[in-house]
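Quick notes on the structure that follows.
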Amino acid sequence: MDCTIQHPLSVRRNRASMNVRESIASAFKDVPYPGDDKIALHECPRCRELRDDLRGKSSPVLEDCVLERNCGDLALLSPAAFHHFVPSYMLYSLIHPDSEVAFFTCQNLGVAGFDSFFLERFRLFSSQQKEAAIAFLEFFKLHESEDDDPDIRERQEKQNKIDVVIKLWKELS
């Protein structure tokens, strides 16, 4: 008999993660594959590697190693490819909230900025997909609030930044 006691915070985080994962899976299930020639924005060596890694793949079934290897490359995806593949990154991030994949996924969902480059991508999202992105960001705001980092000011700044991005996402709806 397993007598492991889960911390209430862990239980709440797991429940929230599960709800957000279901929301993402449902919202993005019908996003079409962009086509092999519309994966990356450029013809540079890094874009060619990214294209090779993602060619013919369906979201949300990307392998962990593919997501980890390409975690910093979401900005290199075309808007259609970003729309198709970002759910995989989001789902992985919910399971691994302290990973580099999670960091770069949040950055690419507007935390790094909300300029015309990002808006072009986000305009492809349906209302349900925007709500899933908001739920994802709210999960990470909660994750930041529960972080054990002793620098309260830095943690509050991160939460405030996520609040601003959530507000911008809501204005897109």
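Numbered per the numbering used here, the sequence shown spans residues 8 to 180. Every residue, glycine too, gets a C-beta built ideally from N, C-alpha and C.
Straight-line Cα distance separating residue j from residue i
i      : j      : result
Val118 : Ser95  : 18 angstroms
His14  : Lys45  : Any reading at His14 is ruled out, since the residue's pLDDT is 45, under 50, leaving its predicted position unreliable.
Gly120 : Leu84  : 16 angstroms
Ile159 : Phe110 : 19 angstroms
Glu145 : Ile31  : 13 angstroms
Ser33  : Ala23  : 16 angstroms
Gln166 : Leu69  : 29 angstroms
Leu16  : Leu149 : In this prediction, Leu16 has a pLDDT of 46, which is less than 50 and means its spatial position is unreliable; what the coordinates show is noted afterwards. If you take the alpha carbons of Leu16 and Leu149, they lie about 10 angstroms apart.
Arg55  : Ala140 : 28 angstroms
Ala87  : Arg58  : 13 angstroms
Val108 : Leu116 : 12 angstroms
Lys174 : Pro41  : 29 angstroms
Per-residue burial, residue i [other beta carbons within 10 Å of its own, 16 or more giving buried]
i      : result
Val172 : buried
His91  : buried
Gln136 : buried
Pro67  : buried
Met25  : exposed
Arg130 : exposed
Phe143 : buried
Glu127 : exposed
Pro52  : exposed
Arg28  : buried
Glu75  : exposed
Cys113 : buried
Paired residues, beta bridge with residue i - DSSP
i     : result
Leu84 : Ala47
Three CB pairs or more closer than 8 angstroms across the stretch 60-70 and the stretch 101-114: Not touching, per the Cβ criterion.
Meets three-Cβ-pair contact criterion under 8 angstroms: the stretch 42-57 and the stretch 71-83: These segments touch.
Runs of alpha helix (DSSP H) wholly within the stretch 76-163 (minimum 4 residues, chain order): Restricting attention to alpha helix (DSSP H) runs no shorter than 4 residues, the stretch 76-163 encloses them at 86-102, 107-113, 123-129, 134-152, ordered along the chain.
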